[in-house]
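To keep things clear, I will list the structure first and then write my remarks on it.
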Amino acid sequence: LALTLEDAASALRVVAQKAVRLQIGFMRRYDPAYVLAMQRVEAGEIGDPVVFKSVGRDKEEPPLACYQAGFNGMLFYNNTIHDFDLARWLMRDEVIETHSYTTVAIRPEIAQYGDVVASVVNLKYRNGAIGNIESYVQAIYGYDVRTEILGSKGAVFVGTLRQMPAVFLNANGSSRPLADHFLTRFADAYLLELKDFVETMGADRPPRVTGQDGLRALEIAVAAEQSHLEQAPRKVLQRTVEVDIEVAPSGH
């Protein structure tokens, strides 16, 4: 949505003023595995959610020019933002506090650009649950995104390293193709997201992923960055922005 809360609020006000639909690109909500996980959570199959855990690891480090440009914001805004959204959506609860631990240990030169190589963000939820999100930009072995929701009656695990259900054997042992990029891992999700957007606009109905969802995830990212800078827990401060809209049906 934006890299600052001020810009996000400004964008949402314009959306409301112009009476248009805005859908945020949190594609993981459309991934079949995550959709199934959410259905199980909503059905009460794991009971009350207690612990949220998420891992997001990119295969290859961004070039230094990406950090120098600063277009996408630091790790929390560029990568972890998707995990922050999942943390709200899958737990059906709001994050109220973050505590970030970060490092530039293997790439100290990016510290001058306000970024980090890896982070662990601990979460507290409004209803008492807790969470943990790990982000890493240089996993080398593949693109690795996994999520767990632990509940009072069971658990849901989402994600796998396998790109396809195949194993290759030779004299050196066995190997399996691993997902190597987010476009590979979430190919179906991107297609389903676009399809839903077109259908939503055609049916003139509210989008499934709203500007408010984008704002809430951004608020968590801001608190996580503040915690990183101050090396202390930080509360998540939620903004109230009037963004509810009613779009008149076509032809009226």
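Count along the sequence shown from 1, add 156, and you get the number used in our numbering. By construction, the Cβ of each residue, glycine as well, lies at the ideal position given by its N, Cα and C atoms. Values in this document were obtained by computation on a predicted structure and should not be read as measured data.
For residue 215, collect the residues of the same chain with a Cβ closer than 6 Å to its Cβ; drop the 5 residues on either side in sequence, then sort them by chain order.
Closer than 6 Å at Cβ, skipping near neighbours: 295, 298, 299 and 336.
Cα separation between residue 385 and residue 272?
Cα to Cα, residue 385 sits roughly 11 Å from residue 272.
Could you check which residue in 319, 323, 379 and 329 has the C-alpha nearest to that of residue 339?
Looking at the Cα atoms, 319 is the closest of the given residues.
Where does residue 289 fall in DSSP's three states?
DSSP places residue 289 in strand when its eight states are reduced to three.
From the DSSP output, which residues share a beta bridge with residue 326?
329, per the DSSP bridge assignment.
Along the chain, where does the alpha helix (DSSP H) containing residue 237 start, and where does it finish?
Counting along the chain, the alpha helix (DSSP H) containing residue 237 begins and ends at 237-245.
Measure from the alpha carbon of residue 256 to the alpha carbon of each residue in 289, 266 and 249, then state which is nearest.
Residue 256 has its Cα closest to that of 289, out of 289, 266 and 249.
Please give me, in chain order, every unbroken run of the beta strand (DSSP E) with length at least 3 that falls completely inside the segment 178-252.
Within the segment 178-252, the complete beta strand (DSSP E) runs of at least 3 residues are 205-213.
Starting from the C-beta of residue 310, find all residues in its chain whose C-beta is less than 7 Å away, skip the five residues before and the five after it, and write them out in chain order.
Taken in chain order, the residues that qualify are 201, 202 and 203.
Suppose you measure from the CA of residue 259 to the CA of residue 360; what does that come to, to the nearest Å?
Approximately 46 Å, taken between the alpha carbons.
Let me know the secondary structure DSSP gives residue 369 once reduced to three states.
If DSSP states are grouped into helix, strand and coil, residue 369 belongs with the helices.
If we count the other Cβ atoms within 10 Å of its Cβ and call it buried at 16 or more, is residue 307 buried or exposed?
Per the 10 Å Cβ criterion, buried.
Look at the Cβ atom of residue 221, then the Cβ atom of residue 312, and state whether they are nearer than 9 Å.
Contact flag unset, no.
If we ignore side chains and look at the alpha-carbon of each, how far apart do residue 363 and residue 353 end up?
Distance between the alpha carbons of residue 363 and residue 353: 7 Å.
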